[in-house]
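In my numbering, the protein residues as written are 2 to 99.
Think of the CB as a built atom: it goes at the ideal place given N, C-alpha and C, for glycine as much as any other residue.
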Amino acid sequence: MKKRKIPMRKCVGCQEMMPKKSLLRVVITPDDETHIDTTGKKSGRGSYVCYDEECLNKAMKNKGLEKSLKAKINKEMYETIDYSIKRYNLLNKGNNEI
Numbered sequence: 002m003k004k005r006k007i008p009m010r011k012c013v014g015c016q017e018m019m020p021k022k023s024l025l026r027v028v029i030t031p032d033d034e035t036h037i038d039t040t041g042k043k044s045g046r047g048s049y050v051c052y053d054e055e056c057l058n059k060a061m062k063n064k065g066l067e068k069s070l071k072a073k074i075n076k077e078m079y080e081t082i083d084y085s086i087k088r089y090n091l092l093n094k095g096n097n098e099i
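Written out as structure tokens, the structure reads:
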């Protein structure tokens with residue numbers, strides 16, 4: 002049986018290629034609204050960041066999200082992304098320790 006290709010994406014914070022499913026997608030819709038895309042299927046321009054607060058801080062510092070989305074990201078959206086990362090890490094903390 003043939004192996005399926007795993008879609009890879011680059012984190013805008015650390016610049017590392019990772020499987021798409023292990024990254025948080027931020028999307029800007031054609032209506033210029035910024036959202037967190039949990040399904041990975043929302044229409045619009047998307048950008049990816051690791052579920053790591055350091056990567057988000059790097060992305061904020063070098064404006065990686067803004068460059069890849071070609072739009073300004075307001076402070077509230079960064080706070081929402083930060084909350085999502087913290088929540089993900091809190092919920093999945095026990096799953097990584099084996």
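Open item on the list: Quick check on the DSSP output: the alpha helix (DSSP H) that includes Y79 runs from which residue to which?
Closed with: K76 to L92
Task: Rounded C-alpha distance that separates I99 from P31 - done: Low local confidence applies: a pLDDT of 39 at I99 is under 50, so the model's placement there is unreliable, and no value is given.
Open item on the list: Going by DSSP, what residue range makes up the alpha helix (DSSP H) through M61?
Closed with: E54 to K62
Open item on the list: Classify Y49: buried if its beta carbon has 16 or more other beta carbons within 10 angstroms, exposed otherwise.
Closed with: buried
Open item on the list: Between I29 and A72, how many whole angstroms is the CB-CB distance? I'm expecting something under 8 Å.
Closed with: 5 Å
TODO: Give the DSSP-derived three-state secondary structure of K43 in the structure shown.
DONE: coil
- [ ] Between the Cα of T81 and those of C12, G45 and V27, spot the shortest distance and give me the residue it belongs to.
- [x] V27
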